[in-house]
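Chains as they are written, first to last, in our numbering: chain A, 11 to 717; chain B, 11 to 717. Note that beta-carbon positions come from the ideal geometry of N, C-alpha and C, so glycine has one too.
Structure below.
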């Protein structure tokens with residue numbers, strides 16, 4: 011990868027013979043950006059472009075350059091690529107569009123291109139890319155005139171678009187290194203991440219992702235890197251409409267969006283929702299080094315902004331710290347009898363009375379930084395261009411405060427009325443201190459940084475892990491699940507649960523009313539009857555369930571009714587039997603497994619019953635799931651208070667639920683051929699939890715785990 | 011009010027004798043801002059400040075100025091105010107802090123000040139205010155040096171803080187007129203709105219609100235004005251912590267936040283959540299004139315931004331329009347065989363092939379504007395400072411397109427890499443075309459503007475109205491509700507429901523088991539038993555309910571058990587009886603009324619049962635509620651699909667539910683003494699809905715409606 015970012019020589023093929031405004035000549039841009047290596051140009055017709063002698067063909071080059079940059083029309087890409095390979099060039103960037111991003115023929119061309127690359131041992135970035143940017147060496151392959159940062163930050167971005175190089179001010183702020191992986195035909199997120207992992211000029215990584223392949227592997231690599239270098243990801247195509255656009259744009263596979271949340275959390279990388287949060291997070295991660303908790307102290311020139319900050323903290327999961335007594339004594343009591351300080355600290359009256367807002371600002375921020383109950387400080391004040399307010403230099407004040415900030419507590423400034431980008435430039439690479447574009451961005455940035463700290467803390471405590479090997483199988487020898495139609499229901503499904511100790515409601519598959527009554531007499535009423543048939547997977551929709559059966563008389567009648575109903579509705583169906591089950595009172599929980607093509611089995615737990623699809627109160631996790639993970643999953647549900655027990659009602663056994671989740675995770679690891687599995691409902695009460703219904707769909711295309 | 015905004019002469023009392031950097035001298039600021047009227051200065055000690063001769067006392071002034079501006083310490087405000095009144099001054103701005111914004115003594119001082127003002131017929135802005143800004147006449151009372159816009163927009167802001175005048179670039183963009191009502195001791199939102207209503211220099215109004223008084227009246231005034239001039243409101247103190255800060259900051263009353271949502275919607279004014287959305291909405295409302303629906307066409311220089319736009323549209327409730335065939339034919343087929351256009355329209359390949367991105371951009375936007383299936387256009391492209399990209403002037407392109415935009419369809423531009431504020435300045439007051447700071451802000455702005463259009467359309471169609479008189483009472487003569495302890499339960503509560511035709515589950519208050527069995531025998535099993543007692547309002551928490559009673563034997567036993575339970579638990583309680591009710595199967599709905607101190611009765615409908623407090627799936631509305639309002643309330647619930655009927659299950663009778671809501675609204679209007687009323691649950695099924703339990707708390711402090 012290094013030769014992509016630091017080539018000593020490059021050859022450009024497909025350079026326009028025109029240059030100047032409106033021509034997007036990448037040779038011209040490369041020269042302007044400041045590339046210091048040798049540039050060769052291949053052009054079949056003109057002898058010279060922009061002072062560079064051209065060569066008619068790649069074969070004519072006097073040397074073998076480190077890197078070729080191809081921007082010819084898509085139909086000429088393959089022959090040109092072959093020429094490069096023949097010449098011995100081992101790194102190629104294919105800027106040209108019209109491959110997997112376009113039509114069927116484009117897909118085929120890309121396939122052939124990649125085959126050719128593999129054959130010759132050539133690594134390819136693209137096609138459909140803007141390529142590479144390296145502000146440290148002044149190397150850019152962009153066809154757009156990009157401004158080079160003279161002192162680049164240790165921040166790199168991997169994107170699926172060149173727009174993050176062109177419009178960096180709008181997305182992330184200044185960039186040190188960037189790669190647009192484009193269609194990611196060869197070099198993909200994993201390759202780029204592995205390069206940045208050991209790149210001393212990179213300390214922070216942002217990813218713009220529309221889709222991905224090799225999801226499981228990517229997570230492993232990302233998890234390893236994120237322990238050392240934070241990774242922020244903007245995964246777009248969240249919406250249904252967005253996902254459609256993504257498919258046609260890059261030819262990537264876009265999964266169900268919430269699965270990405272689970273996947274990124276598992277890898278310890280921080281997801282942001284949109285470009286506003288991306289910008290805020292990049293700012294925060296760039297400057298901040300440590301954040302121990304969510305308790306924020308706010309110092310503001312105006313009470314109105316204090317209230318807005320409180321609102322933002324609630325929106326993004328931060329908290330207002332109690333005001334340290336020391337600040338109250340120093341500032342309030344000493345100066346204005348009637349002024350009551352609290353957090354947010356509204357300082358203006360004190361500034362007016364003492365004659366120096368800056369002085370009281372510094373004392374208040376100092377007091378907050380020094381207080382053990384405060385994790386971070388947000389400072390709010392005016393940024394006024396008038397010479398009459400030259401005394402209000404809050405950036406200078408922040409810098410002064412920051413000189414004695416041994417705990418590296420983040421100080422986030424929002425200076426209203428000013429130009430945030432200019433403030434950021436003034437600030438430079440100052441650690442622990444940053445300026446944001448709004449109150450909400452300051453809070454978003456801190457919150458994103460806190461999410462990163464929390465994810466990493468979970469990793470370090472060993473609470474969350476990514477190593478399936480650490481989880482002994484619950485099942486000694488793996489027999490593949492088989493079923494003629496790929497569906498397991500009834501006894502067959504319950505049999506699997508039993509192997510993993512997942513409790514089931516006592517029940518019996520009763521071929522006739524006699525055996526049903528015998529079971530109910532033993533287990534006790536009330537009982538439930540259910541039609542068990544591969545044709546009746548959605549049996550409740552079809553009326554195949556009878557509840558609250560309290561007497562033998564009712565039971566006999568219901569058994570007959572259901573059998574008849576089955577015959578009427580599905581004369582050719584296979585009736586495995588009528589299941590008679592003891593009726594359990596409890597909260598309806600849904601558990602399940604769904605295999606994701608990228609990340610393998612996803613374990614799902616949430617609210618069951620009729621409201622399941624209405625509230626979608628669901629927590630998802632990649633497997634394996636530890637007991638701590640399972641508890642976290644349960645704790646994140648909206649219905650958690652009901653499971654814990656509210657309003658004098660007994661809740662459910664959280665221990666039993668968590669154990670069941672862990673068992674299900676083991677099952678998912680052992681049986682990678684499970685495509686989907688529903689335990690719905692699992693009834694949970696104070697005594698335990700019992701699966702009442704289970705179905706398994708076997709994904710017959712899959713032999714092993716995709717992880 | 012006009013004299014506050016356009017005084018011909020002012021007197022300043024409390025001016026610092028110092029001027030220059032760091033002194034916050036409001037005389038100096040007023041002169042710099044460009045005030046053209048006469049300025050008088052009262053100062054007891056120095057003969058002259060900044061070239062203005064001073065007068066020792068207000069009484070010494072040679073004339074009676076239109077307006078006095080007081081910024082002395084709080085203890086000197088009252089005597090100075092008295093002097094002003096004696097002099098005949100009828101408008102006073104009290105900038106000084108330390109009144110209701112501070113301690114008890116401050117509250118008392120403010121009360122005395124207002125009493126004095128009323129006695130003398132003086133109108134007061136403040137205390138605790140930055141006062142007035144009028145960029146048209148160059149008048150500002152701020153003690154901060156504010157930049158005057160040479161061509162002010164027809165946009166005014168009413169705030170509870172001066173920060174919106176000082177930091178306007180960060181909040182709303184340029185301002186024509188502003189008033190900081192501060193503690194709103196006298197002049198409040200209503201006064202300010204009524205002035206702006208008839209102000210020809212105001213076409214758009216923004217409000218920053220921490221709390222309010224006279225809520226009902228404010229809504230009436232705002233509703234009237236919003237039909238002509240859009241009103242955007244940033245109501246802060248959304249969070250619990252924020253609300254606490256608000257109370258101590260302005261001494262205003264802050265209500266439960268979601269009630270404000272209902273109130274603002276009722277008044278037809280648009281609420282924004284935070285300063286980012288405020289800025290976006292101000293931008294949109296300033297430029298846009300018409301938006302017929304949510305269907306957006308997106309034209310972008312990069313596919314990545316198209317996907318982000320799709321995400322943002324889903325987040326904020328806009329939709330992607332289908333791509334007009336005409337664009338496909340004109341652009342796609344004519345130029346690149348493999349390029350497949352859809353919406354968002356990714357134009358870059360076409361720009362490269364045709365040699366002019368601007369041309370294809372214009373043709374695509376033109377095609378979208380002209381298509382009847384598109385309501386608004388979002389255009390995305392680079393804003394590059396390089397002379398090599400001088401051809402990419404998208405603002406000029408937008409302006410050109412806008413010349414032929416007869417339907418006034420909004421064109422929202424987001425130009426990455428550029429300075430949004432500079433773009434806005436370049437654009438000037440151009441209608442129908444605006445530049446935004448991010449994709450999300452463009453979408454937020456359009457979405458807020460659409461909310462305004464929808465609210466106004468509902469008003470025009472008469473679907474939503476604010477006139478209680480239009481609703482005939484269901485009750486011919488109003489007898490005040492009475493109860494010795496202020497609580498009505500059981501028969502007494504059901505009696506009220508009956509008067510309004512609100513259906514109840516058939517039931518009978520049974521003093522003994524005999525009468526309970528008689529009722530059940532007639533009405534049919536299963537039945538439910540409930541303890542009815544003012545001491546057992548939360549009877550389900552106490553175990554005072556028995557469900558699923560299917561036989562007379564069970565009924566007798568349960569009746570006895572409950573009676574005994576009551577005696578044990580509350581030996582001194584009043585047992586009105588044991589209610590025996592027919593058990594109805596249906597979805598549990600909660601309905602209720604809660605009187606808000608500002609807005610009068612708030613009608614609530616939502617999910618009932620055990621999950622009610624977990625999911626808080628609730629819709630709120632001010633009364634009166636029309637049938638259309640009631641349907642909208644039901645439609646906004648998450649459980650609406652269940653009420654409509656999902657997965658082959660019968661839903662609930664939406665008609666009966668809506669009728670019941672309207673009846674409850676009438677009841678609320680007729681009985682303003684109701685403080686709280688719970689119908690919980692109302693059981694709804696396909697045949698109808700029935701209230702199963704009802705309790706009423708009488709607010710004995712209130713005799714009439716607060717509306």
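Please classify residue i as buried or exposed, where buried requires at least 16 neighbouring CB atoms within 10 angstroms.
{"i": "residue 558 of chain A", "result": "exposed"}
{"i": "residue 561 of chain B", "result": "exposed"}
{"i": "residue 582 of chain B", "result": "exposed"}
{"i": "residue 584 of chain B", "result": "exposed"}
To the nearest angstrom, report how far apart residue i and residue j are at their CA atoms.
{"i": "residue 88 of chain A", "j": "residue 368 of chain B", "result": "31 angstroms"}
{"i": "residue 718 of chain A", "j": "residue 31 of chain B", "result": "Residue 718 of chain A is absent from the model: chain A starts at 11 and stops at 717."}
{"i": "residue 178 of chain B", "j": "residue 136 of chain B", "result": "20 angstroms"}
{"i": "residue 164 of chain A", "j": "residue 193 of chain A", "result": "26 angstroms"}
{"i": "residue 389 of chain A", "j": "residue 231 of chain A", "result": "37 angstroms"}
{"i": "residue 214 of chain B", "j": "residue 293 of chain B", "result": "11 angstroms"}
{"i": "residue 311 of chain A", "j": "residue 689 of chain A", "result": "56 angstroms"}
{"i": "residue 544 of chain A", "j": "residue 202 of chain A", "result": "47 angstroms"}
{"i": "residue 703 of chain A", "j": "residue 499 of chain A", "result": "8 angstroms"}
{"i": "residue 387 of chain B", "j": "residue 91 of chain B", "result": "55 angstroms"}
{"i": "residue 17 of chain A", "j": "residue 162 of chain A", "result": "18 angstroms"}
{"i": "residue 159 of chain A", "j": "residue 149 of chain A", "result": "12 angstroms"}
For residue i, return the contacting residues in chain B, with the cut-off set at a CB-CB distance below 8 angstroms.
{"i": "residue 348 of chain A", "result": "84, 108, 112, 113, 115, 116"}
{"i": "residue 30 of chain A", "result": "398"}
{"i": "residue 359 of chain A", "result": "107, 108"}
Kindly indicate which three-state DSSP category residue i falls into: helix, strand or coil?
{"i": "residue 149 of chain B", "result": "strand"}
{"i": "residue 573 of chain B", "result": "helix"}
{"i": "residue 126 of chain B", "result": "helix"}
{"i": "residue 262 of chain A", "result": "Because the pLDDT at residue 262 of chain A is just 38, under 50, the model does not fix this residue reliably, and the value given afterwards should be weighed accordingly. In the structure shown, residue 262 of chain A sits in coil (DSSP, three-state: anything other than H, G, I, E or B)."}
{"i": "residue 143 of chain A", "result": "strand"}
{"i": "residue 551 of chain B", "result": "helix"}
{"i": "residue 733 of chain A", "result": "As displayed, chain A neither begins before 11 nor continues past 717, which places residue 733 of chain A out of reach and without an answer."}
{"i": "residue 635 of chain B", "result": "coil"}
{"i": "residue 426 of chain B", "result": "strand"}
{"i": "residue 691 of chain B", "result": "strand"}
{"i": "residue 651 of chain B", "result": "helix"}
Take residue i as the anchor and find which of the options has the nearest alpha-carbon.
{"i": "residue 51 of chain B", "options": "B:37, B:44, B:42", "result": "B:37"}
{"i": "residue 101 of chain A", "options": "A:132, A:39, A:92, A:677", "result": "A:132"}
{"i": "residue 416 of chain B", "options": "B:380, B:432, B:440, B:129", "result": "B:380"}
{"i": "residue 248 of chain A", "options": "A:236, A:275, A:282, A:216", "result": "A:282"}
{"i": "residue 542 of chain A", "options": "A:534, A:510, A:589, A:536", "result": "A:589"}
{"i": "residue 680 of chain B", "options": "B:279, B:605, B:429, B:645", "result": "B:605"}
{"i": "residue 537 of chain A", "options": "A:548, A:506, A:569", "result": "A:569"}
{"i": "residue 505 of chain A", "options": "A:450, A:577, A:706", "result": "A:706"}
I want to verify the contact list: residues of chain A whose CB lies under 8 angstroms from the CB of residue i, in sequence order.
{"i": "residue 719 of chain B", "result": "With chain B represented from 11 up to 717, any question about residue 719 of chain B goes unanswered, as that position is not in the structure."}
So with CB distances below 9 angstroms, who are the chain B contacts of residue i?
{"i": "residue 565 of chain A", "result": "Simply none; closest approach about 15 angstroms."}
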